[in-house]
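S.K.:
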Amino acid sequence: MRKKFIPLSLALCLTLSGCGGNVVLERSYSVSTPHSEVYWENEGADTLRADSYQDLVNALLLLLGEHSEEGVVRIYSEEDAAAMAEQACKEVQEETALGAYLLDYISYTDTQERAYYEMHVRLGYRRTAEEQAGIITATSTEALPDLLRLTAREGALSRIAVRFTYFTADRDGIRDMVRSVQEEVDTGFTEPWQVNFYPDTDDVGIVEVVLREA
Numbered sequence: 057m058r059k060k061f062i063p064l065s066l067a068l069c070l071t072l073s074g075c076g077g078n079v080v081l082e083r084s085y086s087v088s089t090p091h092s093e094v095y096w097e098n099e100g101a102d103t104l105r106a107d108s109y110q111d112l113v114n115a116l117l118l119l120l121g122e123h124s125e126e127g128v129v130r131i132y133s134e135e136d137a138a139a140m141a142e143q144a145c146k147e148v149q150e151e152t153a154l155g156a157y158l159l160d161y162i163s164y165t166d167t168q169e170r171a172y173y174e175m176h177v178r179l180g181y182r183r184t185a186e187e188q189a190g191i192i193t194a195t196s197t198e199a200l201p202d203l204l205r206l207t208a209r210e211g212a213l214s215r216i217a218v219r220f221t222y223f224t225a226d227r228d229g230i231r232d233m234v235r236s237v238q239e240e241v242d243t244g245f246t247e248p249w250q251v252n253f254y255p256d257t258d259d260v261g262i263v264e265v266v267l268r269e270a
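All residue numbers for the sequence shown refer to my numbering, where the first residue is 57 and numbers rise by one.
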């Protein structure tokens, strides 16, 4: 598995009490290519190769993980490549946590060559590269209360986005966590903190908490 890291200029590394032990939180962001490898088509590494639908999804996720605004993917498959392209873009934007959180749209133009189908992809973002790099990774939702307390106490951030690898609470449980912390740190609050889930499905990956409007 190939993994790329996007470091932050100001790293935040926190050790918070979690489920059954300490949970280490890093303000960092990593991208991996799961299930199957993504290959670069040429030595210049400016064109990605996909031999299957999963390869295509991985290629789009790689572009997304690097906050690329455009890229080229060549699809070598006996399946309907045009249908694969449409479905993969939809899946990445609507069904993955990063896509749902980061993207406004994915668009592409296509060319059917003799041996392959080529996509020229454009990605439109509603988050900046800095906001993407600021996503916090936590192993468990049990870390959320301490993270919110720290964020509220420091006061520098108006919102935080946390990517959880393991959920010990459902949506209502997470909302209860957020409200409990807000009542603790701001007893006279009039506007509740806003909680958003990405993607907005049963398979949530990223939780965003808006403490105040920027």
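Ideal Cβ placement from N, Cα and C applies to all residues, glycine included.
Since the model is a prediction, treat every value here as computed from it, not as a measurement.
1) In this structure, how does DSSP classify Val-148 when only helix, strand and coil are distinguished?
2) Could you tell me the alpha carbon to alpha carbon distance between Val-263 and Ala-171, rounded to whole angstroms?
3) How would you call Glu-142, buried or exposed, if buried means at least 16 neighbouring beta carbons within 10 angstroms?
4) Using only the alpha-carbon positions, how far apart do Glu-174 and Ile-131 sit?
5) With 16 as the cutoff for other CB atoms within 10 Å, does Gly-211 come out buried or exposed?
6) Can you confirm whether the region 223 to 237 touches the region 179 to 189 when touching is taken to mean that 3 or more C-beta pairs between the two stretches lie within less than 8 angstroms?
7) Mind pulling the alpha helix (DSSP H) runs of 4 or more residues that sit fully within the region 165 to 207?
8) Going by C-alpha distance, which of Glu-126, Ala-217 and Arg-178 is nearest Thr-197?
9) Do Leu-104 and Val-148 count as a contact pair if the criterion is CB distance below 8 angstroms?
10) What are the start and end residues of the beta strand (DSSP E) that includes Gly-127?
11) Between the Cα of Ser-108 and the Cα atoms of Phe-223, Ala-194 and Met-140, which residue gives the shortest distance?
12) Buried or exposed: Ala-153, going by 16 or more other Cβ atoms within 10 Å of its Cβ?
13) Rounded to whole angstroms, what's the CA-CA distance from Leu-204 to Arg-178? Just pull it up for me.
14) What span of residues does the beta strand (DSSP E) with Tyr-54 cover, start to end?
15) Assuming Pro-255 and Ala-156 form a contact by the criterion Cβ under 8 angstroms, report the distance between their Cβ atoms to the nearest whole angstrom.
16) Answer yes or no: do Trp-249 and Val-260 have a C-beta to C-beta separation smaller than 8 angstroms?
M.R.: According to the data block:
1) As a first step, residue 148 is located in the sequence shown; it is residue number 92 there, counting from the start. Helix, per DSSP.
2) Taking the sequence shown and counting its residues from 1, the one referred to as residue 263 is at position 207. Taking the sequence shown and counting its residues from 1, the one referred to as residue 171 is at position 115. Rounded to the nearest angstrom, the two C-alpha atoms are 42 angstroms apart.
3) The residue given as residue 142 occupies position 86 in the sequence shown. Its Cβ having fewer than 16 others within 10 Å, Glu-142 is exposed.
4) As a working mapping, residue 174 is identified with position 118 in the sequence shown. As a working mapping, residue 131 is identified with position 75 in the sequence shown. Rounded to whole angstroms, Glu-174 to Ile-131 spans 6 angstroms at the Cα level.
5) Your numbering for residue 211 matches position 155 in the sequence shown. By the neighbour-count rule (16 or more Cβ atoms within 10 Å), Gly-211 is not buried but exposed.
6) Touching, no, given that fewer than three Cβ pairs across the two stretches are closer than 8 angstroms.
7) 185 to 189
8) Here residue 197 is taken as the residue at index 141 of the sequence shown, counted from 1. Checked all of Glu-126, Ala-217 and Arg-178; the closest Cα to Thr-197 is Ala-217.
9) For this step, residue 148 is matched to residue 92 along the sequence shown. For this step, residue 104 is matched to residue 48 along the sequence shown. No, they are not a contact pair.
10) Here residue 127 refers to the residue found at position 71 of the sequence shown. Its beta strand (DSSP E) spans residues 126 to 131.
11) Indexing the sequence shown from 1 puts residue 108 at position 52. Of the candidates Phe-223, Ala-194 and Met-140, the one whose C-alpha sits nearest the C-alpha of Ser-108 is Met-140.
12) Working through the sequence shown from its first residue, we reach residue 153 at position 97. Ala-153 comes out buried.
13) Here residue 204 refers to the residue found at position 148 when the sequence shown is read from its first residue. Here residue 178 refers to the residue found at position 122 when the sequence shown is read from its first residue. Going from the Cα of Leu-204 to the Cα of Arg-178 covers about 35 angstroms.
14) The structure shown does not extend to residue 54, since the chain is modelled only from 57 to 270, so the question has no answer here.
15) Mapped onto the sequence shown, residue 255 falls at position 199. Mapped onto the sequence shown, residue 156 falls at position 100. Indeed, because the Cβ distance is near 4 angstroms, the residues count as touching under 8 angstroms.
16) Residue numbering aside, residue 249 sits at position 193 when the sequence shown is read from its first letter. Residue numbering aside, residue 260 sits at position 204 when the sequence shown is read from its first letter. It is not a contact, given that the beta carbons lie outside the stated cut-off.
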